[in-house]
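These notes are about the structure you will find just below.
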Amino acid sequence: MLKLTKVNTFYGNIQALKDLSIEINEGEIITLIGANGAGKTTTLMSISGVVPPRSGEITFDGVPIHAMSPEKIVKMGLCQVPEGRRIFPHLSILENLDMGAYLREDKEGVQQDLEYVMDLFPILKERRHQAGGTLSGGEQQMLAISRALMARPRLLLLDEPSLGLAPLIIRQIFDIITRINKESGTTIFLVEQNANLALKSAHRGYVMENGVVTLSDTAENLLANEEVKKAYLGI
Ligand code: ATP
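Under UniProt numbering, the very last position in the sequence shown is 235; numbers go up by exactly one each time.
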């Protein structure tokens, strides 16, 4: 479904991604784990067209997207939930959700999806007229995920959904991520520093260090891998 082939991405002279190759199949949950500064966010930014690669190829359903605008990439069915959530704090929850659907014209589908996300996260329904900024960190993460779902993506890119949240909320959010994948068949690419949880939710994973993929395997094998255990699982 999504294929990155020898992707090289730079910030000025700094090379953040080096010959990065990743493949994601339809229906999978794939996780990319790595330490701070490994290049995980840059990988997502390159896919979504925000920081396009200098060289290499990114295809979505076989169509090259590495030179497309972010808007066009969203229209193709690829949507990112950015790190730090970035909801619109002064807009109501409903308005935030509407923003996620702004490129869509199928009003009926939008209404269905609105009901779906409110079923996933009942707290958003209860507080739908409140400003987004009044929600707790965990609730804002729920809103950010829901807003992305309102674009009805086929591939959802999640950047560190656990960042700064309490363990109970993190578990709830990961349960929902799994549910979204199972119920709607949405393919999920999950970037995480919480390697343990990410690998427990994912089918396969990639490990990244300094802009390079150093390991890729099934999530089960990565969880049992001695190097991964030492470096990322604290075992
Ligand atoms: P984190 O978990 O902290 O978000 P990450 O794995 O997502 O880390 P990136 O944010 O992708 O890592 O950063 C990869 C490298 O690119 C780092 O060396 C970082 O300092 C550098 N970098 C990231 N953004 C910029 C920028 N806007 N300008 C210059 N260098 C940047």
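Where is the CB? At the ideal position from N, CA and C, for every residue including glycine. Note that this is a predicted model, so its numbers are computed, not measured.
### Query
DSSP on L149, reduced to helix/strand/coil?
Against the sequence shown, residue 149 aligns to sequence position 149. Secondary structure of L149 (DSSP, three-state): helix.
### Distance cut-off 7 Å: T214 Cβ against heavy atoms of the ligand ATP
Stepping through the sequence shown from its first residue, residue 214 is reached at position 214. Not under cutoff, so the answer is no.
#### Entry: Per-residue burial, H90 [other beta carbons within 10 Å of its own, 16 or more giving buried]
Here residue 90 is taken as the residue at index 90 of the sequence shown, counted from 1. Classification of H90: exposed, given that the 10 Å Cβ count is below 16.
### Message
Check for me: the alpha helix (DSSP H) holding residue 242 runs from which residue to which?
### Response
Only positions 1 to 235 of the chain appear in this structure, which leaves residue 242 out of reach.
### Task
Would you list the one or two residues that DSSP bridges to S162?
For this step, residue 162 is matched to residue 162 along the sequence shown. In DSSP, S162 forms no bridge with anything.
### Message
Please tell me whether I29 and S201 are closer than 8 Å, where the distance is taken between their beta carbons.
### Response
By one-based count along the sequence shown, residue 29 stands at place 29. By one-based count along the sequence shown, residue 201 stands at place 201. Between I29 and S201, the gap from beta carbon to beta carbon is short of 8 Å.
### Message
Considering just the uninterrupted stretch of the alpha helix (DSSP H) at F88, what are its terminal residues?
### Response
By one-based count along the sequence shown, residue 88 stands at place 88. Boundaries cannot be given for F88, as no alpha helix (DSSP H) includes it and DSSP labels it neither H nor E.
### Task
Enumerate in chain order the residues of its own chain whose CB-to-CB distance from L163 is below 8 Å, with the five nearest sequence positions on each side excluded.
As a working mapping, residue 163 is identified with position 163 in the sequence shown. In chain order, E83, G84 and Q193 place their CB closer than 8 Å to the CB of L163, counting only its own chain and leaving out the 5 sequence neighbours on each side.
### Any non-hydrogen atom of the ligand ATP within 7 Å of T59 CB
Walking along the sequence shown from the start, residue 59 turns up at place 59. T59: no, Cβ never under 7 Å from the ligand ATP.
### Message
Rounding to the nearest angstrom, what Cα-Cα distance links N221 and L215 in this structure?
### Response
As a first step, residue 221 is located in the sequence shown; it is residue number 221 there, counting from the start. As a first step, residue 215 is located in the sequence shown; it is residue number 215 there, counting from the start. If I take the Cα positions, the gap works out to 11 Å.
### I170 to K6 span [Cα, whole Å]
By 1-based counting over the sequence shown, the position of residue 170 is 170. By 1-based counting over the sequence shown, the position of residue 6 is 6. Take the alpha-carbon of I170 and the one of K6: they are about 33 Å apart.
### Query
Which residues share a DSSP beta bridge with residue 239?
With the chain covering only 1 through 235, there is no way to say anything about residue 239.
### Task
Give the range of the beta strand (DSSP E) segment to which D217 is assigned.
Counting from one through the sequence shown, the residue named residue 217 turns up at place 217. First-last of the beta strand (DSSP E) with D217: V212 to T218.
### Query
Is it right to say K40 is buried, meaning 16 or more other beta carbons lie within 10 angstroms of its own, or is it exposed?
In the sequence shown, counting from the first residue as 1, residue 40 sits at position 40. By the 10 Å Cβ count, K40 comes out buried.
### Query
Relative to the ligand ATP, is the shortest distance from any of its heavy atoms to the C-beta of K40 smaller than 7 Å?
The residue labelled residue 40 in the question sits at position 40 within the sequence shown. Checking the Cβ of K40 against the ligand ATP gives yes.
### Message
Between which residues of its own chain and R104 is the CB-CB distance below 6 Å, once the five residues before and five after are set aside?
### Response
To locate residue 104, count along the sequence shown from 1; it is residue 104. V110, listed in sequence order.
### Query
In angstroms, rounded to a whole number, what distance separates the CA positions of L165 and I87?
Taking the sequence shown and counting its residues from 1, one reaches residue 165 at position 165. Taking the sequence shown and counting its residues from 1, one reaches residue 87 at position 87. Those two C-alpha atoms are separated by around 16 Å.
### Message
Quick test of your reading: L190 and T31, contact by CB under 8 Å. State the CB separation rounded to the nearest angstrom.
### Response
Within the sequence shown, the letter at position 190 stands for residue 190. Within the sequence shown, the letter at position 31 stands for residue 31. So it is a contact: roughly 5 Å between Cβ atoms.
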